[in-house]
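A.B. asks:
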Amino acid sequence: ILTALAIGLIALVLALALARVVERTLARTRADQVAVVLLSRLVRLLGIIGALLLTLSVAGVEVGSVLAALAVVGVAVGLAVQGILENFIAGVILLVRKPFSAGDQIRSGDFEGTVESLDLRVTHLIDYDGEMILIPNRDVYNNPLVNLTRRGKRRTVVVVGVDYRDDHDDARTVIFDAVQAVEGVLDHPEPEVLLTELGESSVNFEVRYWTRPDIRSVRRTQDRVLAAAKRGIQDAGMTIPWPIRTLVPDGTFH
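For the sequence shown, position 134 (counting from the first letter as 1) is numbered 200 according to the numbering used here, and the numbering increases by one without interruption.
1. Between residue 254 and residue 217, what straight-line distance do the alpha-carbon atoms span, to the nearest angstrom?
2. Helix, strand or coil, according to DSSP, for residue 234 in the structure here?
3. Under 9 Å between the Cβ atoms of residue 249 and residue 290?
4. Comparing the CB of residue 253 with every heavy atom of the ligand FAD, is any distance shorter than 8 Å?
5. What residue from 173, 263, 274 and 279 has the CA that sits closest to residue 211's CA?
6. Helix, strand or coil: how does DSSP classify residue 239 here?
7. For the stretch 225-303, list the beta strand (DSSP E) runs that are entirely contained and at least 3 residues long, ordered along the chain.
8. Can you tell me the Cβ-Cβ gap for residue 77 and residue 106, rounded? I've got them flagged as a contact below 8 Å.
9. Can you tell me where the alpha helix (DSSP H) holding residue 204 begins and where it ends?
10. Which partner residues does residue 222 have in the DSSP bridge list?
11. Measuring CA to CA, which of 182, 186 and 151 is closest to residue 194?
12. Going by DSSP, what residues sit across from residue 179 in a beta bridge?
13. Give every residue of the same chain whose Cβ lies closer than 6 Å to the Cβ of residue 146, excluding the five residues on either side of it in the sequence, and list them in chain order.
14. Residue 189 to residue 282, Cα distance in whole Å?
15. Compute the Euclidean distance between the alpha carbons of residue 274 and residue 222, then round it to the nearest angstrom.
16. Residue 189 lies in the beta strand (DSSP E); which residues open and close that run?
17. Do residue 299 and residue 226 count as a contact pair if the criterion is CB distance below 9 Å?
18. Any Cβ of chain B within less than 9 Å of the Cβ of residue 116?
19. By DSSP, does residue 119 sit in helix, in strand, or in coil?
20. State the DSSP-derived secondary structure class of residue 151, mapped to helix, strand or coil.
21. Using a Cβ distance threshold of 8 Å, determine whether the stretch 229-243 contacts the stretch 195-210, with at least three qualifying pairs required.
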């Protein structure tokens, strides 16, 4: 018994030392502090259980039956709290890998908004209407995730049409100059104005430009870009046409 206690004490000390090493190693990485503490506690718990089983084995106790009982209990508990465990594991992975941080704007499944916080069960998301959405971590982990703000810039595409009778090379230049001068449009990468469609009543240009990635900057800059493009086209004597329908004698539209 004394030998078993001595071996168990040594195993316990080693397990606690290993837990400290894991905690210090993870602390040097970019892993979230909550995940660091959680994983170190998990290693410590497993080490204590291992030390206890080793002590019982050296003391002559048959640990096979103990392990079997623990396995049965573990399976039963696992089935009972399967959803909780899935969210827990997904939360740990998200905290360690950090695909997003608090303040990032993300799109996950059908939801989009600003991340308020992440715990070991749910991700707290504030949508653009100010409503809080609690998304289970397993859904965030299993679905495609788009981080809209991580790269520091974001591209927006709008379509501007001009009349077929206008000079389209001049129209391209007018739109480009108007967009480039808009507040909030980034210089690099510079805007692009590409002719993409010969529509029913207009020649359509696809205007591509980059802004800061947050939704406020994106929407407000888009408002200014559309207004500047319209004003520039009108000031140049060109026309943004509207759909035209012709009524023929038989009463049908063409």
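No residue lacks a Cβ here, since even glycine has one placed at the ideal position from N, Cα and C.
C.D. replies: Reading it off the structure:
1. Those two C-alpha atoms are separated by around 14 Å.
2. In the three-state DSSP reduction, residue 234 falls in the helix class (H, G or I).
3. The answer is yes: Cβ separation under 9 Å.
4. With respect to the ligand FAD, the structure shown offers nothing to examine, as it has no ligands at all.
5. Scanning 173, 263, 274 and 279 for the CA closest to the CA of residue 211 turns up 173.
6. Residue 239 falls in the helix class under three-state DSSP.
7. For the stretch 225-303, whole beta strand (DSSP E) runs of length 3 or above, ordered along the chain, are 258-264 and 269-277.
8. Incorrect: roughly 18 Å between the Cβ atoms, too far for contact.
9. Counting along the chain, the alpha helix (DSSP H) containing residue 204 begins and ends at 203-208.
10. BP columns for residue 222 point to 275.
11. The closest CA to that of residue 194, considering only 182, 186 and 151, is found on 182.
12. Under DSSP, residue 179 shares a beta bridge with 172.
13. Because residue 146 carries a pLDDT of 49, less than 50, the predicted location of this residue cannot be relied on, and no value is offered for it.
14. So the alpha carbons of these two residues sit roughly 22 Å apart.
15. In this structure, the alpha-carbon of residue 274 lies about 6 Å from that of residue 222.
16. Looking at the DSSP string, the run of the beta strand (DSSP E) that includes residue 189 is 188-192.
17. Yes.
18. In the structure shown, chain B cannot be found, because there is only a single protein chain.
19. The DSSP-derived three-state label of residue 119 is helix.
20. Here DSSP, grouped into helix, strand and coil, assigns residue 151 to helix.
21. No, the stretch 229-243 is not in contact with the stretch 195-210.
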